[in-house]
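Structure record follows, encoded as structure tokens.
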Amino acid sequence: MKKITSCIFVLVFLLSGLVSNAQKVSETNNIYARKNLIAWCIVPYDIKNRGPVERAEMLNKLGFKMLAYDWREKHIPEFDAELDALKKHNIKLQAFWYHTGANPESDKNLPIILNVLKRHGVKTQIWLMVSGIKDLDKMTQEEKVIAIAKPVQYVAEKAEEIGCTVGLYNHGGWYGMPENQLEVIRYLKKPNIGIVYNFHHAEGDIDRFPKFYPEILPHLFAVNLMGLKKGNPVKVVPLGEGDAEAEMISIVRKSKYRGPIGIINEDTAPDAEVGLTMNVDGLKRILKAQADQAALQTYDN
């Protein structure tokens, strides 16, 4: 009898584990679930100038499990402290921002970033912006692809050495167009290169988004949300206050995309905590309007 009772207990335990795992899978598959959100643009865009520990505590308070780290020169001495604070507060470093020109091999900041990631054993994404390529506007399309591919390849190879990936970050200009980023990716054929797509820099993409989105989908590392109000010019507004982002959010949801979703603070509020809260609230309003109850329930916990 004791043996039967023991077997029943083990069976119940295993079944409860299966249910628990199924729930975890379900939450992960819901891209707008609370735990799938990345906090982004909260380091230089914060009037309170929070330090690493204060920032991690703020993210814990707001329920963020991931941070994409943007920085300026003054933050370089804090890189180690930032990674220590994130680890202590159980926040994943989802990405590390990096901006370069034509010759990243000559940039003193790239080795600093790579070394701090290597020292801490952090394998993450490097969100890469490339600008300042001389005479880019005078080149043919093929020449532009080759010119941009050179610095991208260098950064990608260095990132690969420490187990990191590189996400091409749209931020205006030729490099910021998703179709051009695709050409660079296809030219280089490196498996650790993908795309980070920002609504915040999508003013010219609204009408084209349904067409090019399926093309970039296989390469997407992250999607960062923001509000977009149609007009001439298109205005970037807090999430939920535009008239274009809801449809784009729906398109992403209905696709096979299962990566993280970024919540941005830039141009939202001077205080990063206030800005993140505003945009999370805006996302919740959109989710409610789109009857995404599964995602909404994750914000109640």
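Under mature numbering (1 follows the signal peptide of the UniProt record, and there is no 0), read the sequence shown as residues -22 to -1, 1 to 279, first letter to last.
Glycine included, C-beta positions come from ideal geometry on N, C-alpha and C.
Three-state class that DSSP yields for Lys207 in the structure shown: Translated into positions along the sequence shown, residue 207 becomes position 229. Looking at Lys207 - three-state DSSP - the assignment turns out to be strand.
7 Å Cβ cutoff met for Glu161 and Val123: Along the sequence shown, read from residue 1 onward, the residue named residue 161 stands at position 183. Along the sequence shown, read from residue 1 onward, the residue named residue 123 stands at position 145. In this structure, Val123 lies closer than 7 Å to Glu161 by Cβ.
Coarse secondary structure for Lys66, derived from DSSP in three states: Here residue 66 corresponds to residue number 88 of the sequence shown, with the count starting at 1. DSSP places Lys66 in helix when its eight states are reduced to three.
Length of the line joining the Cα atoms of Gln103 and Ala59: Looking up residue 103 in the sequence shown gives position 125. Looking up residue 59 in the sequence shown gives position 81. Looking at the two C-alpha atoms, the distance is approximately 19 Å.
Inter-residue spacing [alpha-carbon to alpha-carbon] between His77 and Val94: As a position in the sequence shown, residue 77 is number 99, starting the count at 1. As a position in the sequence shown, residue 94 is number 116, starting the count at 1. Their backbone Cα atoms lie some 17 Å apart in a straight line.
DSSP-derived helix/strand/coil call for Met226: For the purposes of this step, residue 226 is identified with residue 248 of the sequence shown, where counting begins at 1. Note: Met226 maps to helix in three-state DSSP.
Rounded C-alpha distance that separates Ile194 from Ile173: The count along the sequence shown starts at 1 and reaches residue 194 at position 216. The count along the sequence shown starts at 1 and reaches residue 173 at position 195. If I take the Cα positions, the gap works out to 7 Å.
Enclosing beta strand (DSSP E) for Lys213 [first to last residue]: As a first step, residue 213 is located in the sequence shown; it is residue number 235 there, counting from the start. Looking at the DSSP string, the run of the beta strand (DSSP E) that includes Lys213 is 213 to 215.
Limits of the unbroken beta strand (DSSP E) element including Leu15: To locate residue 15, count along the sequence shown from 1; it is residue 37. Its beta strand (DSSP E) spans residues 15 to 18.
Outcome for Gln159 when other beta-carbon atoms lying within 10 angstroms are tallied against a minimum of 16: Your numbering for residue 159 matches position 181 in the sequence shown. Its Cβ being crowded by 16 or more others within 10 Å, Gln159 is buried.
Counted within 10 angstroms of its Cβ, other Cβ atoms place Ala269 as buried (16 or more) or exposed: Stepping through the sequence shown from its first residue, residue 269 is reached at position 291. An exposed status is given to Ala269, since fewer than 16 other beta-carbon atoms sit within 10 Å of its beta-carbon.
Through-space distance from Glu138 to Leu64, alpha-carbon basis: For the purposes of this step, residue 64 is taken as the residue at position 86 of the sequence shown. For the purposes of this step, residue 138 is taken as the residue at position 160 of the sequence shown. Cα to Cα, the separation comes out at about 23 Å.
Candidates Cys19, Ile9, Ala11: closest to Thr250 by CA position: The residue given as residue 250 occupies position 272 in the sequence shown. Note on residue identity: the sequence assigns Ala, not Thr, to residue 250. The shortest Cα separation from Ala250 among Cys19, Ile9, Ala11 belongs to Cys19.
Per DSSP, the bridge partner or partners of Met107: Locating residue 107 in the sequence shown gives position 129, where the first residue counts as 1. Partner(s): His77.
Where Gly99 falls, given that 16 or more other Cβ within 10 Å makes a residue buried: Here residue 99 refers to the residue found at position 121 of the sequence shown. Gly99 should be labelled exposed.
Rounded separation between Lys207 and Arg97 - CA only: Locating residue 207 in the sequence shown gives position 229, where the first residue counts as 1. Locating residue 97 in the sequence shown gives position 119, where the first residue counts as 1. Straight-line Cα distance between these residues: approximately 43 Å.
Contact belief for Ala200 with Ala73 at Cβ below 8 Å, rounded distance in angstroms: Counting from 1 along the sequence shown, the entry for residue 200 is found at position 222. Counting from 1 along the sequence shown, the entry for residue 73 is found at position 95. That belief holds up - the Cβ atoms of Ala200 and Ala73 are roughly 7 Å apart, short of 8 Å.
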